[in-house]
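For the sequence shown, our numbering gives the first residue as 403, with consecutive numbering after it.
All C-beta atoms, glycine included, are put in the ideal place defined by N, C-alpha and C.
See below for the structure under consideration.
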Amino acid sequence: MKLHTAARAPNPRRVEMFIAEKGITGIERIEVDLLKGEHRREEFQRLNPAVQVPVLELDDGTMLAETRAISGYLESLHPEPNLLGRTPRERAEIEMWDRRVELGLGFAIRDWVRHSHPALAVLEGRQFPDYAQVQAARARAHARWLDQELAGRPFIAGTRFTIADITAFCALEFARLVKLSPAAEGLQALQRWRDAIAARPSAVT
Ligand SMILES: N[C@@H](CCC(=O)N[C@@H](CS)C(=O)NCC(=O)O)C(=O)O
């Protein structure tokens, strides 16, 4: 298998953390330079018409895009440690939280960064600073919600580490580009959780 990836981008990082948590080895990495527009070249568009990384290329030539789909595939091949849930109820709860943190926190942070950070202007084409500020407020509101949740439990989706922790952590890591810090926002539970996840070997880039 080959992973078409971009080292510092948040969705490839989610897949890398997932792979590291599972201890999967033997996947070749093919680095795609997003800032140079390599993903917009014709040869990459043939791999993923959505022109995004990550893409997992299987040995039979199948191209799997979408972080959640890639993660599901890898979990099917390597069930342990389980990151997506075992029982129907647990699977649903983990997916619920994973979607909440991706759509609520991750998308807001993505657009905040992409519409305000000078280095990402090349990807966005045109940046809208007002839109970035609206997304900043959304991200902060979601972070406050997570802080309340994490005051009562150790992980995003419950009592054990799951994909939802990976998704939320990678989003918060990306937010360092706009200097969002849970501690500076007074979000102590979120900061404690973030520091605990950062200490996992899978979080080291
Ligand atoms: N829904 C996709 C999103 C992938 C995505 O947004 N990838 C970003 C890097 S984190 C990308 O390739 N961006 C290229 C661009 O915006 O031009 C997934 O879950 O994998």
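Alpha carbon of residue i to alpha carbon of residue j, nearest angstrom
i    : j    : result
R431 : M403 : 9 angstroms
P603 : L505 : 26 angstroms
I558 : D500 : 8 angstroms
Q590 : R502 : 20 angstroms
I426 : M419 : 10 angstroms
A586 : L592 : 11 angstroms
T607 : R491 : 32 angstroms
P626 : Q550 : Since the first and last residues shown for the chain are 403 and 607, residue 626 lies out of range.
A452 : A566 : 24 angstroms
L449 : E468 : 12 angstroms
T561 : V515 : 31 angstroms
D435 : A471 : 22 angstroms
R594 : G463 : 42 angstroms
P412 : A573 : 6 angstroms
V344 : G508 : No answer is possible for residue 344: the residues shown for the chain start at 403 and end at 607.
T569 : L437 : 22 angstroms
R493 : W547 : 22 angstroms
A538 : D513 : 8 angstroms
L525 : A408 : 14 angstroms
E497 : L486 : 7 angstroms
R528 : H517 : 8 angstroms
Residue environment, residue i, which counts as buried when at least 16 other CB atoms sit within 10 Å
i    : result
E575 : buried
L460 : exposed
S478 : exposed
R555 : exposed
R488 : exposed
Q535 : exposed
P483 : exposed
E423 : buried
Closer than 7 angstroms: residue i CB and nearest ligand 1 heavy atom
i    : result
A545 : no
A467 : yes
Q537 : no
Q454 : yes
R357 : Residue 357 lies beyond the residue range present for the chain, which begins at 403 and ends at 607; the question has no answer from this structure.
H517 : no
N413 : yes
L436 : yes
H406 : no
L525 : yes
Where the alpha helix (DSSP H) containing residue i begins and where it ends
i    : result
T569 : 565 to 576
L582 : Per DSSP, L582 belongs to no alpha helix (DSSP H) and is neither H nor E.
E609 : No information on residue 609 is available, as it lies outside the stretch 403 to 607 that the chain covers here.
R410 : Premise fails: R410 is in no alpha helix (DSSP H) and is neither H nor E.
A452 : Looking at the DSSP string, A452 is not in any alpha helix (DSSP H), and its letter there is neither H nor E.
L589 : Segment: none, L589 is in no alpha helix (DSSP H) and carries neither H nor E.
Span of the beta strand (DSSP E), counted from its first residue to its last, around residue i
i    : result
R431 : 430 to 433
K404 : 404 to 407
**Asked** What alpha helix (DSSP H) runs, 4 residues minimum, are completely inside the stretch 454 to 542?
**Response** Within the stretch 454 to 542, the runs of alpha helix (DSSP H) that reach at least 4 residues and sit entirely inside it are, in chain order, 469 to 479, 490 to 501, 509 to 516, 523 to 526.
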